[in-house]
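Protein chains: 2
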Amino acid sequence: MYEDSDKERLLLAVDCIVFGFDGEKLKILLIKRGFEPERGKWSLVGGFLKQNEVLQAAAIRILHRYTGLDNIYMEQVGTFSDIDRDPQERTVSTAYYALINIENHSRNLDHQFSAQWFSVEEAPRLIFDHDRMVRHALKRLKVKAETEPIGFELLPEKFTMLQLQKLYEAIYNVSLDKRNFINKVRSLDILEKLDEKDKTSSRKGSFLYRFDADKYHRAERSRLMLNL
Amino acid sequence: MYEDSDKERLLLAVDCIVFGFDGEKLKILLIKRGFEPERGKWSLVGGFLKQNEVLQAAAIRILHRYTGLDNIYMEQVGTFSDIDRDPQERTVSTAYYALINIENHSRNLDHQFSAQWFSVEEAPRLIFDHDRMVRHALKRLKVKAETEPIGFELLPEKFTMLQLQKLYEAIYNVSLDKRNFINKVRSLDILEKLDEKDKTSSRKGSFLYRFDADKYHRAERSRLMLNL
DNA sequence: ATTTGTAAGTGTACTTTACACACTTATAAT
DNA sequence: ATTATAAGTGTGTAAAGTACACTTACAAAT
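Quick mapping for you: the protein sequence lines, in order, are chains A and B. With UniProt numbering applied, the first sequence corresponds to residues 1 to 228, in that order. With UniProt numbering applied, the second sequence corresponds to residues 1 to 228, in that order.
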């Protein structure tokens, strides 16, 4: 088929860039490899595609194995095919990224797989082409964050305006004016202001907000979120 | 490696969405399959990844085989992995899209492979998941056209403002005001106005423009091109 | 030489959005 | 009652987006 005679089969892997936010910095989840090749070095979590599995499912399965997380939305970043990217055997790998809220989900990690969170800037060198995958994923995350309220995934259900602002500051690596930020976010009309306050960080306490999925879906997608 | 025991090898294909512009409509290049499966039906041009080839190179090779075109920039759209997408054997396919100028390059086509241009809206149903690939590629093209001057690829070297406007109208399927369009494009300062006129479409004749690669690369990438 | 038809070419007022910027308020601890 | 701390709030200015209609250059026909 495809009029092509040489049909060579090869390994297809999936690697996951797991983004998290700890309230200050954008982080990625890495594991210290306990197996060859490159044992002892840091890498993304990954695995091989199975014969009766779609890529998205493989990404979700892999994320689950390493984090215990279920039902996490993942987005395809791209497929990486450098010939010697894996020194053992020709392997093509599709990268997916996930967004998770660190505080809710960091329990099951560390022990089994020596998984650790690193801030994106301070992460160690990764094996193979994983650094390139991370760069691509970051680019995609930025594009997505411009037009969609990714806070749904990266923040706890209830959060303060300052937390939301810090999330955007972390993703774009800029600093924003809090008055302009709050005005902009209000104008989008996709948040619900709660009566509760978070008093952990100040005496006055700051109001908590929650994403309102209804309002969000009714909102126009044009000029959503920030222009940076 | 990857701590995974079942390493199953499978076929990796590449399918190409070739976009062209004829001055009026955005088109895609399709071939009528002269081979099984689905002989006689319309499909994207595609082929299999070779053992010592990266995906990008395979996309370029395939585009060359079907169009004779060389050195065309192609961008990865995504990888499609539905289990039965190819009825013969599990095959995962990575889609790439290309942008080409129809008038310059339509000679070598038709004969050998019964390739034909179809306007995007009026294209026939395609085999497998190729329709889905086209939809994804279109989305990507729109995102790209917002921030980059894709006219470089889709238009002849010298073109009129009306042609450029029609290109954007075709991609976004909207109609634009010619005064606002021209003002916007001028403000980007990436075109060079030539002394020549194109007199094929009017008695007065309309001035020809050319992309100025230098100016373009010096221009800021923020808010480049149109906001639609 | 004059008229006529056709598409090209051009500018302004108004509206919306972005951006810069500094003081007041609520609360808990002392 | 005082104090320290972070939260909360509004306005004026600049930039960009958008709606909108008449004039001009030219070739063809008379």
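C-beta atoms are modelled at their ideal positions from N, C-alpha and C, and glycine is treated no differently. A quick note: this is a predicted structure, and the numbers were derived from the prediction, not measured.
Sub-8 Å separation of L11 of chain A and E89 of chain A beta-carbons: Here the question's residue 11 of chain A lines up with position 11 in the first sequence. Here the question's residue 89 of chain A lines up with position 89 in the first sequence. Closer than 8 Å, so yes.
Bounding residues of the beta strand (DSSP E) (the contiguous stretch that carries residue 230 of chain A): Examination of residue 230 of chain A is not possible in this model, given that chain A is present from 1 through 228 alone.
Chain B contact for G40 of chain A (CB, 8 Å cutoff): One-based indexing of the first sequence puts residue 40 of chain A at position 40. Cβ-Cβ to chain B under 8 Å: no for G40 of chain A.
Straight-line Cα distance separating D131 of chain A from W117 of chain A: Here the question's residue 117 of chain A lines up with position 117 in the first sequence. Here the question's residue 131 of chain A lines up with position 131 in the first sequence. Going from the Cα of W117 of chain A to the Cα of D131 of chain A covers about 15 Å.
Chain A contact for S119 of chain B (CB, 8 Å cutoff): If you number the second sequence from 1, residue 119 of chain B lands on position 119. Taking Cβ atoms only, chain A never reaches closer than 8 Å to S119 of chain B, which makes this a no.
Nearest-angstrom beta carbon gap, V54 of chain B and V18 of chain B [assumed within contact, 8 Å]: Start at 1 with the first residue of the second sequence, and residue 18 of chain B comes out as number 18. Start at 1 with the first residue of the second sequence, and residue 54 of chain B comes out as number 54. Actually they are not in contact, since the Cβ atoms of V18 of chain B and V54 of chain B sit about 19 Å apart, beyond 8 Å.
Separation of D70 of chain B from E153 of chain A, as counted between CA atoms: Mapped onto the first sequence, residue 153 of chain A falls at position 153. Mapped onto the second sequence, residue 70 of chain B falls at position 70. Each residue's alpha carbon lies about 43 Å from the other.
8 Å Cβ cut-off: residues of chain A touching L55 of chain B: Indexing the second sequence from 1 puts residue 55 of chain B at position 55. T79, S81 and V92, listed in chain order.
Neighbour flag for R9 of chain A against chain B, beta carbons, 8 Å: For the purposes of this step, residue 9 of chain A is taken as residue 9 along the first sequence, with counting starting at 1. For R9 of chain A, the answer is yes, since a Cβ of chain B falls inside 8 Å of its Cβ.
CB contact flag (L194 of chain B, F181 of chain B, <8 Å): Taking the second sequence and counting its residues from 1, the one referred to as residue 194 of chain B is at position 194. Taking the second sequence and counting its residues from 1, the one referred to as residue 181 of chain B is at position 181. It is not a contact, given that the beta carbons lie outside the stated cut-off.
Where the beta strand (DSSP E) through F128 of chain B begins and ends: The count along the second sequence starts at 1 and reaches residue 128 of chain B at position 128. No beta strand (DSSP E) holds F128 of chain B; DSSP gives it neither H nor E.
Alpha-carbon to alpha-carbon, L164 of chain A and A115 of chain B: Numbered from 1 along the second sequence, position 115 holds the residue referred to as residue 115 of chain B. Numbered from 1 along the first sequence, position 164 holds the residue referred to as residue 164 of chain A. Distance between the alpha carbons of A115 of chain B and L164 of chain A: 51 Å.
Whether D189 of chain B touches A170 of chain B by CB criterion (8 Å): What you label residue 189 of chain B is simply residue 189 of the second sequence in a count that begins at 1. What you label residue 170 of chain B is simply residue 170 of the second sequence in a count that begins at 1. No.
Short Cβ contact (8 Å threshold) for residue 229 of chain A with L99 of chain A: There is simply no residue 229 of chain A to check, as chain A begins at 1 and stops at 228 in what is shown.
Start and end residues, alpha helix (DSSP H) containing S206 of chain A: Counting from 1 along the first sequence, the entry for residue 206 of chain A is found at position 206. Counting along the chain, S206 of chain A falls outside any alpha helix (DSSP H), though it belongs to the beta strand (DSSP E) covering S206 to F211.
Inter-stretch contact at 8 Å, needing at least 3 Cβ pairs: the segment 13-32 of chain B / the segment 24-34 of chain A: no
Rounded separation between D15 of chain A and M161 of chain B - CA only: Here residue 15 of chain A corresponds to residue number 15 of the first sequence, with the count starting at 1. Here residue 161 of chain B corresponds to residue number 161 of the second sequence, with the count starting at 1. Straight-line Cα distance between these residues: approximately 45 Å.
N-terminal and C-terminal residue of the alpha helix (DSSP H) that F181 of chain A is part of: One-based indexing of the first sequence puts residue 181 of chain A at position 181. Looking at the DSSP string, the run of the alpha helix (DSSP H) that includes F181 of chain A is K178 to L188.
Sequence-distant residues of its chain with Cβ nearer than 6 Å to A58 of chain B (five each side left out): Position 58 of the second sequence, counted from the start, is the residue given in the question as residue 58 of chain B. Cβ neighbours of A58 of chain B beyond the five flanking positions: V14 and L49.
Secondary structure of A98 of chain A, DSSP reduced to three states: Counting from one through the first sequence, the residue named residue 98 of chain A turns up at place 98. Residue state, collapsed to three classes: strand.
Burial state of N101 of chain A, where buried means 16 or more other Cβ atoms lie within 10 Å: For the purposes of this step, residue 101 of chain A is taken as residue 101 along the first sequence, with counting starting at 1. It counts as buried.
Simplified DSSP assignment, three categories, for F152 of chain B: As a first step, residue 152 of chain B is located in the second sequence; it is residue number 152 there, counting from the start. Note: F152 of chain B maps to helix in three-state DSSP.
Spatially closest choice to D86 of chain A from A:Y97, A:P37 and A:W42, by CA coordinates: Along the first sequence, one-based indexing puts residue 86 of chain A at 86. When only C-alpha atoms are compared, the closest one is A:P37.
Contacts that L12 of chain B makes with chain A (C-beta to C-beta distance below 9 Å): Here residue 12 of chain B corresponds to residue number 12 of the second sequence, with the count starting at 1. Here the neighbours are E8, R9, L10, L12, T79, S81 and V92.
Beta-carbon separation (whole angstroms), K166 of chain B vs R210 of chain B, contact threshold 8 Å: Within the second sequence, numbered from 1, the residue matching residue 166 of chain B stands at position 166. Within the second sequence, numbered from 1, the residue matching residue 210 of chain B stands at position 210. Not a contact, Cβ separation roughly 17 Å.
Min CB distance E3 of chain B to chain A below 8 Å: On the second sequence, position 3 is the one that residue 3 of chain B refers to. For E3 of chain B, the predicted model reports a pLDDT of 48, less than 50, meaning its position is unreliable and no value from the coordinates is stated.
Secondary structure of L162 of chain B, DSSP reduced to three states: Taking the first residue of the second sequence as position 1, residue 162 of chain B is located at position 162. In the structure shown, L162 of chain B sits in a helix (DSSP, three-state: H, G or I).
Beta-carbon proximity of T200 of chain B to T79 of chain A, cut-off 8 Å: As a first step, residue 200 of chain B must be located in the second sequence, where it is residue number 200. As a first step, residue 79 of chain A must be located in the first sequence, where it is residue number 79. Taking 8 Å as the Cβ cut-off, T200 of chain B and T79 of chain A do not qualify as a contacting pair.
Within chain B, partners of Q51 of chain A - CB distance below 9 Å: Within the first sequence, the letter at position 51 stands for residue 51 of chain A. The contacting residues are D6, E8, L10, I83 and R90.
Bridge partner(s) assigned by DSSP for A13 of chain B: Position 13 of the second sequence, counting from 1, holds the residue named residue 13 of chain B. BP columns for A13 of chain B point to B:F48 and B:S93.
For D4 of chain A, the three-state DSSP class (helix, strand or coil): The sequence position of residue 4 of chain A within the first sequence is 4, counting from 1. Any answer about D4 of chain A is weak, because its pLDDT of 49 lies below 50 and its placement is not dependable; what the coordinates show is given next. Three-state result, D4 of chain A: coil.
Beta carbon proximity, Q163 of chain A to chain B, threshold 8 Å: Here residue 163 of chain A is taken as the residue at index 163 of the first sequence, counted from 1. False, the Cβ-Cβ gap to chain B never drops below 8 Å.
Min CB distance Q116 of chain A to chain B below 8 Å: Taking the first sequence and counting its residues from 1, one reaches residue 116 of chain A at position 116. With 8 Å as the cut-off, Q116 of chain A does not count as an interface residue toward chain B.
Those runs of the alpha helix (DSSP H) which lie wholly inside the segment 55-88 of chain A and span at least 4 residues: 55-67
C-alpha distance - S175 of chain B paired with K215 of chain B, whole-angstrom precision: As a first step, residue 175 of chain B is located in the second sequence; it is residue number 175 there, counting from the start. As a first step, residue 215 of chain B is located in the second sequence; it is residue number 215 there, counting from the start. Going by the C-alpha atoms only, they are around 27 Å apart.
Residue closest to K7 of chain A, alpha-carbon to alpha-carbon, out of B:H217, B:T91 and B:K184: On the first sequence, residue 7 of chain A is found 7 positions in, with the first residue counted as 1. Selected option, being the one with the closest Cα: B:T91.
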